[in-house]
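If you read the sequence shown in the numbering used here, its first letter stands for residue 1072, the second for the next number, and so on. By construction, the Cβ of each residue, glycine as well, lies at the ideal position given by its N, Cα and C atoms. Following: one structure in structure tokens, then a few remarks.
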Amino acid sequence: MGDSEGYTLVELLAVIVILGILAGIAVPVYGHLIDGYKEDLCEVNRVEMARVYGDYLDIEQVDHSAAVFVEFANTRIDGEVCPVGGELSFVDGVVECSVHGDEKGGANDGGGVPFL
Ligand SMILES: [Zn+2]
């Protein structure tokens, strides 16, 4: 065991290079997954918001307008509907997001797995 005093510089460099390659593969994949989750979260929140806003219009006996929708969003909704801060609008009974569109994959590439 006298000659096993540690790793040589070349061995350490090889390990660092391999870790770098693995990180280079993993980061884009997980980044894309996180984008997908954010998009899903935005969609779920928008569907719920559209439902609650419809009830609000019925109960308050008001007609939809951009001003009513903004007032509703500012006073009745806690937290962010869109996790990336997309601007919301209400069109034909659907809440649309300026980042994510009005349905899954509406403004994006469809959320597929990236080709490696
Ligand atoms: Zn969004």
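Short note on V1098: C-beta not closer than 7 Å to any heavy atom of ligand 1. By the Cβ neighbour-count rule, R1147 is exposed, with fewer than 16 other Cβ atoms within 10 Å of its own. Listed as beta-bridge partners of S1136 by DSSP are no residues whatsoever. Taking the CA atoms as reference points, C1113 sits about 14 Å from L1104. Taking one beta carbon from each stretch, the segment 1131-1148 and the segment 1081-1101 have fewer than 3 pairs nearer than 8 Å; the two do not touch. In the structure shown, C1168 falls within a strand segment according to DSSP collapsed to helix, strand and coil. H1171 is a Cβ neighbour of E1110, given a cutoff of 8 Å.
For V1162, there is no enclosing alpha helix (DSSP H); the enclosing beta strand (DSSP E) has its first and last residue at 1159-1162. No beta strand (DSSP E) of 3 residues or more sits fully in the segment 1072-1116.
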